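Enquirer: In the numbering used here, the protein residues as written are 429 to 557. Sharing a structure with you now.
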C-alpha cells in the first residue's frame with residue numbers, strides 16, 4: 429500500500445503530487461529544487477541551487493524517518509546540461525553523501541516545471557520504518 433509522507437515545513441510542497449511516498453519499505457522522493465522555505469529560488473547559478481536541492485532532499489528524508497544513507501539512487505535533471513556541470517553537482521552532493529554516495533543518473537533537459545530552476549534531484553531508497 430502506498431502512503432504519502434508529510435512535507436517538512438522547511439521545504440515547500442511540490443506543485444504536483446506528494447513530496448515523498450512509501451510503498452512497503454521502498455521510499456520515493458519527488459525532485460527537489462533549489463528553493464528556500466518560502467518557495468523562492470536560491471541563487472541563479474547551478475552551484476547554489478544544487479546545494480539547496482540536496483539540503484531539501486535531506487530534510488524530506490528526515491521528515492520521512494529516513495536519512496541520506498537510506499538513498500540507493502538519485503535521478504538528477506539539469507537545465508542546459510554541459511559536462512563541466514557534473515563536477516558542480518558532485519561537489520554539492522559530496523557535502524551530504526560523502527563516500528557513501530548512491531548511484532546517480534544525470535539527465536540534461538531543456539527546462540523544468542519552474543521558471544529559473546536549474547536542477548531537480550529525486551531519490552529512491554528504503555525506509556527504516
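By construction, the Cβ of each residue, glycine as well, lies at the ideal position given by its N, Cα and C atoms. Note that the structure is predicted; figures quoted are calculated from it, not measured.
If I measure Cβ to Cβ from residue 516 and keep anything under 8 Å in the same chain, skipping five residues before and after, which residues do I get?
Expert: Taking the chain shown and counting its residues from 1, the one referred to as residue 516 is at position 88. For residue 516, where only same-chain residues beyond five positions count, the Cβ hits under 8 Å are 474, 475, 478.
Enquirer: When burial is assigned at 16 or more other CB atoms within 10 Å of the CB, is residue 451 buried or exposed?
Expert: Counted from its first residue, the chain shown places residue 451 at position 23. By the neighbour-count rule (16 or more Cβ atoms within 10 Å), residue 451 is not buried but exposed.
Enquirer: Pull up the distance between the alpha-carbon of residue 543 and that of residue 446, whole angstroms please.
Expert: Translated into the one-based positions of the chain shown, residue 543 becomes position 115. Translated into the one-based positions of the chain shown, residue 446 becomes position 18. So the two alpha carbons sit approximately 20 Å from each other.
Enquirer: Excluding the five sequence neighbours on either side, which residues of its own chain have a C-beta within less than 7 Å of the C-beta of residue 453, listed in chain order?
Expert: Residue mapping note: residue 453 aligns to position 25 of the chain shown, counting from 1. Only 554, 555 meet the Cβ criterion.
Enquirer: Can you give me the C-alpha to C-alpha distance between residue 467 and residue 440, rounded to a whole angstrom?
Expert: For the purposes of this step, residue 467 is identified with residue 39 of the chain shown, where counting begins at 1. For the purposes of this step, residue 440 is identified with residue 12 of the chain shown, where counting begins at 1. Their Cα atoms are separated by approximately 6 Å.
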